[in-house]
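Counting with this note's numbering, you get residues 241 to 493 for the letters of the sequence shown.
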Amino acid sequence: MKALEKRLKREVLQNGKVEILKTSIWCVPVQSIDVTYQPVKRLKMDILMKMMLLTFQQAEISNASELGELLLVEDLFIQDLLINLTKTGLIERGEKYYHLTSKGKIQLENGVFEEEQEIETQQLLYSACHEAFLPAEIDQMDEYDELPDLFRYALEEPEETLKFVEEELIEVLQNSRTSEDEGEEQTVITDILSKEARQINDVPCLEYILYNREQDLLFVRVWNTLLSQWDDKLEKLLVEKEVVMWREEYLKV
């Protein structure tokens, strides 16, 4: 921490006309939330899949051989795709023939094939002080022997963090995923299966109240150790609440 403080002090004083009026360190509470969800792989239907679904919709087909003869496609290709279409619920077999399910009809109409992937769980970090999820992982944060006091504008009793609407969680999860999409294939999140609040983590932040005498400008810089960057959200909050007080206290105006 001492090395970080030294580096940050050097950075905020790069402009020789700026001076530090006060330095302090405090913690922002960050709530970790485990969210379990169902990702779905989406890709544009290929010609063979469309032809098979259309055939099941219009004709009475009982096995892969019949379909292969009708479409002039080898049974091997038909059989593999038949298994996949059945597994994903686009078709099902009745007493004698295959037919499209309602899910199959919708996907055929849209021309997009959807396949559910393995269920995943991801930890999100929510900060009430930021009123937002933070783009970080808690294991990114360094360990500290002793944590400073809580941020003066942090809620003593944080609001219930499980009231987020599903659409908000889906958007955060989708944005946080590493993009592995190629071409017309993409993986999307369609359903939140569960969400569970875990521990509240205290994230140290370093605050520098600064004054530029040439411009008669009071401002603040706040370094967020979890994000490893200057935190403009907290800086804006402090300026809105305290800039008048700073002028009265430090400049005696």
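Backbone N, C-alpha and C fix where the C-beta goes; we use that ideal spot for every residue, glycine too.
Please read all numbers here as calculations on a predicted model, not as lab measurements.
Residue i versus residue j - alpha carbon distance
{"i": "L321", "j": "L466", "result": "47 angstroms"}
{"i": "I432", "j": "K403", "result": "13 angstroms"}
{"i": "D274", "j": "L364", "result": "6 angstroms"}
{"i": "L294", "j": "F317", "result": "17 angstroms"}
{"i": "Q254", "j": "E475", "result": "19 angstroms"}
{"i": "Q525", "j": "Y393", "result": "What is shown of the chain runs 241 to 493, which leaves residue 525 out entirely."}
{"i": "M289", "j": "A376", "result": "41 angstroms"}
{"i": "E354", "j": "M291", "result": "17 angstroms"}
{"i": "D471", "j": "W463", "result": "6 angstroms"}
{"i": "V479", "j": "F391", "result": "15 angstroms"}
{"i": "H370", "j": "E383", "result": "22 angstroms"}
{"i": "L491", "j": "M241", "result": "30 angstroms"}
{"i": "A243", "j": "K327", "result": "57 angstroms"}
Beta-carbon proximity check, residue i vs residue j, cutoff 8 angstroms
{"i": "L261", "j": "L450", "result": "yes"}
{"i": "G329", "j": "K343", "result": "yes"}
{"i": "E356", "j": "V428", "result": "no"}
{"i": "I378", "j": "T276", "result": "no"}
{"i": "F373", "j": "V412", "result": "yes"}
{"i": "R487", "j": "V252", "result": "no"}
{"i": "L395", "j": "A368", "result": "yes"}
{"i": "K257", "j": "R417", "result": "no"}
{"i": "H339", "j": "I346", "result": "no"}
Bridge partners - residue i, DSSP secondary structure assignment
{"i": "L457", "result": "N452"}
Cβ contact (3+ pairs, closer than 8 angstroms) linking the region 251–267 and the region 281–289: By the Cβ rule, the region 251–267 does not count as touching the region 281–289, because fewer than three pairs are nearer than 8 angstroms.
For the pair the region 437–455 and the region 243–251, tell me if three or more CB-CB distances fall below 8 angstroms. Contact between the region 437–455 and the region 243–251 is present, because at least three Cβ pairs lie under 8 angstroms.
What are the uninterrupted segments assigned as beta strand (DSSP E) that are 3 or more residues long and contained completely in the region 464–488, given in chain order? Uninterrupted beta strand (DSSP E) stretches at least 3 residues long and entirely within the region 464–488 do not occur.
Any alpha helix (DSSP H) of 4 or more consecutive residues that is wholly inside the region 295–368: You should have 304–311, 315–327, 342–350.
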